[in-house]
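Q:
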Amino acid sequence: MVAKVIDGKAFAADVRARVAAHVARLKEEKGIVPGLAVVLVGEDPASQVYVRNKHASTIEVGMASFEHRLPAGTGEAELLALIDRLNGDPAVHGILVQLPLPGHLNSELVINRIDPAKDVDGFHISNVGLLGTGQKSMVPCTPLGCLMMLRDHHGTLAGLNAVVVGRSNIVGKPMAQLLLGDSCTVTIAHSRTKDLAAVCRGADILVAAVGRPEMITGEMVKPGATVIDVGINRIERDGKAKLVGDVHYESAAAVAGAITPVPGGVGPMTIACLLANTLTACCRANG
Ligand code: GUN
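In our numbering, the protein residues as written are 420 to 706.
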């Protein structure tokens, strides 16, 4: 079998186009411009790239983008005061604090200071609880993007066996909640899982979010399964820098029914879903 390649780049472009059309309508009919504030503390190079991309995409769909770049030594009180200001600013509908924060800052405290209604990352403990109990919440962008591609490919996910490899708060756990919400039978596997290969081979849907380059190989994939690769790992091969996922693409694509590539799979969907969440927050704020 040769797997169908799920084109996240094209899918994300479609989501962004739909968001842009809705933003244009909001502007024309109600004079409302959705606004996204992104806060970056420090100079982590990967974070700087993400924040730049978020800014460009936000502008591209017609939203207002507010960037706040703070020095690495910024104190907690100063950061919390900025979040308080953004919480109270009616032009800001979404707030994202880029993670990881420098070590001296308490991420949980900072994230939980964001107004849950403006928490477009879906990381606030209230949104985590709402998602876990199947209530209306802000949903973390990466798992939401994965779910959208899975629904598009499968139609209904009900009854399928889903294995999520990775138990992070950002991807693994919310991904499992979303799949459960769509009536999958869900297993969360991780670094301590016994016979990971056998667990993965039981999956109709296999989501890899472990952060280890090419760890999921073809022999861990059930023939015909859908493989979603959340990993973005920079490695060096044959003296060249290369971007690879958590899935060994060639061997997995030879067995799977469908697979997301890296780059061009899950990655572009994350920012598209951030924009969609910002639009959702704006619409909820304006009744
Ligand atoms: N760092 C890596 N991924 C993310 C994300 O989805 N949101 C935030 N805020 N920071 C991140």
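Idealized CB from N, CA, C, for every residue including glycine.
Does the beta-carbon of residue 540, which I'm using as the reference point, lie nearer than 6 Å to any heavy atom of ligand 1?
A: yes
Q: Report the rounded CA-to-CA distance for residue 597 versus residue 566, giving the unit in angstroms.
A: 7 Å
Q: Can you tell me whether residue 632 is buried or exposed, with buried defined as 16 or more other CB within 10 angstroms of its CB?
A: buried
Q: Less than 6 Å between C-beta atoms, sequence neighbours within five positions excluded: which residues of the same chain meet that for residue 546?
A: 535, 538, 556 and 557, listed in sequence order.
Q: Starting from residue 655, follow its DSSP beta bridges and name the residues at the other end.
A: Beta-bridge pairing links residue 655 to 660.
Q: Go ahead and label residue 464 buried or exposed: buried means 16 or more other beta carbons lie within 10 angstroms of its beta carbon, across all protein chains shown.
A: exposed
Q: Looking at the secondary structure, which residues open and close the alpha helix (DSSP H) in which residue 700 lies?
A: 685–704
Q: Under 7 Å, do residue 560 and residue 702 count as touching if we go by C-beta distance?
A: With contacts defined by Cβ atoms closer than 7 Å, residue 560 and residue 702 do not form a contacting pair.
Q: Within 8 Å, do at least three Cβ pairs link the region 525–535 to the region 499–508?
A: yes
Q: Flag residue 517 as yes when its Cβ comes closer than 6 Å to any non-hydrogen atom of ligand 1, and as no otherwise.
A: Because some heavy atom of ligand 1 lies under 6 Å away, the Cβ of residue 517 counts as near it: yes.
Q: With H, G and I counted as helix, E and B as strand and the rest as coil, what does DSSP make of residue 665?
A: coil
Q: Across which residues does DSSP place residue 604 in a beta bridge pair?
A: 580
Q: Could you tell me the alpha carbon to alpha carbon distance between residue 588 and residue 542, rounded to whole angstroms?
A: 8 Å
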